[in-house]
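Letter 24 of the sequence shown, counting from 1, is numbered 35 in the numbering used here, and no numbers are missing. Ideal Cβ placement from N, Cα and C applies to all residues, glycine included. Predicted model, so just to flag it, every value in this text is computed and none were measured. Just below is one structure, and these are the notes that go with it.
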Amino acid sequence: MFLIFFMYLCTRKMTETLLISGLLLAAGMVLLLVKVLLRKDGKFSSQHIHDSEAMKERGIHCVMDQDREMRRKSPFAVKENKN
Numbered sequence: 012m013f014l015i016f017f018m019y020l021c022t023r024k025m026t027e028t029l030l031i032s033g034l035l036l037a038a039g040m041v042l043l044l045v046k047v048l049l050r051k052d053g054k055f056s057s058q059h060i061h062d063s064e065a066m067k068e069r070g071i072h073c074v075m076d077q078d079r080e081m082r083r084k085s086p087f088a089v090k091e092n093k094n
């Protein structure tokens, strides 16, 4: 009897938790939808580093750009002798 009551309470708590989680997710989606609808162009601003003016001013690039720059062969590199 106690086990059945315990399972009922756990199921009830789980249902409440799932319901609250679903409502929070739905509220977040509605707020995002409102933000998109109220914007002039209907888009979110880019979150990439290379699109940020503040990062460009500081000379900060994304990892892909930094990796590309590091892999570029320098014209000032000294050729090694492989003897």
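Minimum Cα-Cα distance from GLN77 among the listed residues ALA65, GLU68, HIS61 corresponds to HIS61. Under the three-state reduction of DSSP, SER56 is assigned to coil, being neither helix nor strand. Per DSSP, the unbroken alpha helix (DSSP H) holding ARG69 starts and ends at 64-69. One alpha carbon belongs to VAL74, the other to LEU29, and they sit about 39 Å apart.
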